[in-house]
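S.K.: In terms of the numbering used here, the sequence shown opens at residue 167 and continues consecutively. Ideal placement from N, C-alpha and C gives every residue a C-beta, glycine not left out.
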Amino acid sequence: MWEQILTGLVGAMIGGFFSVYAGKNTIKSTLEQEKMKISLDYEKLIIQERLKYYPELFRITQDIGKKNKPLELTQKAKEEFLDWRGKGAGYIILSKKSLEYFNKLKESLKANPGNGEKGYTDVQLEKIYKQRNELRGSLKDDLGISIDNYKD
């Protein structure tokens with residue numbers, strides 16, 4: 167009689183163990199699926215916001231750093247660029263890489279033009295143009311656009 171009770175208890179314990187283990191794996195799998203769904207939803211939201219704000223930044227940076235541009239145009243683009251960061255969610259949706267390039271370009275634009283009232287020196291313009299291209303390339307990467315297909 168004790169053998170039957172002991173066998174029943176051991177069987178119940180083993181069955182309970184497997185039930186708990188299977189339940190744990192089911193919960194873990196469900197949690198992983200929910201995390202993935204939340205991550206994808208967040209990514210979609212970020213992409214939507216980038217599609218909303220990045221076109222303006224592309225427009226603003228179109229002529230930044232190009233030689234033979236009137237000083238007024240350069241100053242206007244500089245002011246628009248520096249103002250862009252405070253508009254809406256623009257600044258917070260930049261990826262780490264884009265934010266790094268944005269800040270480098272911002273610092274170069276804030277530097278005093280080497281030619282005084284005539285504008286930036288050729289060396290400054292080359293540096294600004296390179297940084298502008300790095301930023302624009304990074305923005306395209308953020309949106310998943312192949313840079314090879316959309317050269318400036």
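Quick check: the segment 304-311 against the segment 252-272, are there 3 or more CB pairs under 8 Å?
M.R.: Enough Cβ pairs lie closer than 8 Å, so yes.
S.K.: What separation, rounded to the nearest whole angstrom, lies between the Cα atoms of residue 247 and residue 287?
M.R.: So the two alpha carbons sit approximately 19 Å from each other.
S.K.: Given this structure, state the Cα-to-Cα distance separating residue 185 from residue 300, to the nearest angstrom.
M.R.: Each residue's Cα considered, the two are about 55 Å apart.
S.K.: So, with DSSP's three-state summary, where would you put residue 316?
M.R.: Confidence at residue 316 is low in this model, with a pLDDT of 49, below 50, so the placement of that residue is unreliable and no value is reported for it.
S.K.: Taking residue 228 as part of the alpha helix (DSSP H), name the residues at either end of that continuous run.
M.R.: It is not in any alpha helix (DSSP H) - residue 228 carries neither H nor E in the DSSP assignment.
S.K.: Counting pairs of Cβ atoms below 8 Å between the segment 288-298 and the segment 265-274, do you hit three or more?
M.R.: Because the criterion of three Cβ pairs below 8 Å is met, the segment 288-298 and the segment 265-274 touch.
S.K.: Apart from the five residues on each side of it in sequence, which residues of its chain come closer than 6 Å, Cβ to Cβ, to residue 244?
M.R.: Excluding sequence neighbours, residue 244 sits near 275.
S.K.: Would you mind sorting residue 193 into buried or exposed? The rule is 16 or more other CB atoms within 10 Å of its CB.
M.R.: Result: exposed.
S.K.: Thinking C-alpha only, which one of 205, 265 and 219 is nearest residue 254?
M.R.: For residue 254, the nearest C-alpha among the options comes from 219.
S.K.: Any heavy atom of the ligand HEM inside 7 Å of the beta-carbon of residue 226?
M.R.: This structure simply doesn't include the ligand HEM, nor any ligand for that matter.
S.K.: With DSSP collapsed to three states, give me the class of residue 240.
M.R.: Of the three classes helix, strand and coil, the one that applies to residue 240 here is helix, per DSSP.
S.K.: Have a look at residue 277 and residue 304 and give me their C-alpha separation to the nearest angstrom.
M.R.: Distance between the alpha carbons of residue 277 and residue 304: 23 Å.
S.K.: Taking residue 274 as part of the alpha helix (DSSP H), name the residues at either end of that continuous run.
M.R.: Looking at the DSSP string, the run of the alpha helix (DSSP H) that includes residue 274 is 262-276.
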